[in-house]
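The sequence shown lines up with residues 1 to 63 when you count with the UniProt record's numbering.
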Amino acid sequence: MTNALIGPRTPDHLTAQLAAAGTVLTADVLDAIDAIVAPGTDLAPHEKHDTPPALLDPSLRRR
Numbered sequence: 001m002t003n004a005l006i007g008p009r010t011p012d013h014l015t016a017q018l019a020a021a022g023t024v025l026t027a028d029v030l031d032a033i034d035a036i037v038a039p040g041t042d043l044a045p046h047e048k049h050d051t052p053p054a055l056l057d058p059s060l061r062r063r
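Below, the structure written as structure tokens:
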């Protein structure tokens, strides 16, 4: 297993992430994303240790 950094790596990266904190994606944008990459698509199955509840219950994906 490799060590992965989680979160911002520089102050500029943090600033960019905080600027997007209030972004809300509309249902049509989420549907378009789902059409490109289906919910539950695992891009790194060798790193999978659990299944997030939102992948088991579609109603949890959008609040």
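Where is the CB? At the ideal position from N, CA and C, for every residue including glycine.
Remember, predicted model here, so these are calculated numbers, not experimental data.
Using the Cα positions of residue i and residue j, report the straight-line distance between them to the nearest angstrom.
| i | j | result |
| --- | --- | --- |
| E47 | G40 | 14 Å |
| V37 | H49 | 20 Å |
In three-state DSSP terms, what is residue i?
| i | result |
| --- | --- |
| H49 | coil |
| L43 | coil |
| I6 | coil |
| A21 | coil |
| D57 | coil |
| A38 | coil |
| T15 | helix |
Looking only at its chain, what residues have a beta carbon closer than 6 Å to the beta carbon of residue i, apart from the 5 residues adjacent to it on each side?
| i | result |
| --- | --- |
| A54 | L60 and R61 |
Whose C-beta lies closer than 7 Å to the C-beta of residue i among residues of the same chain, with five residues either side of it excluded?
| i | result |
| --- | --- |
| D42 | K48 |
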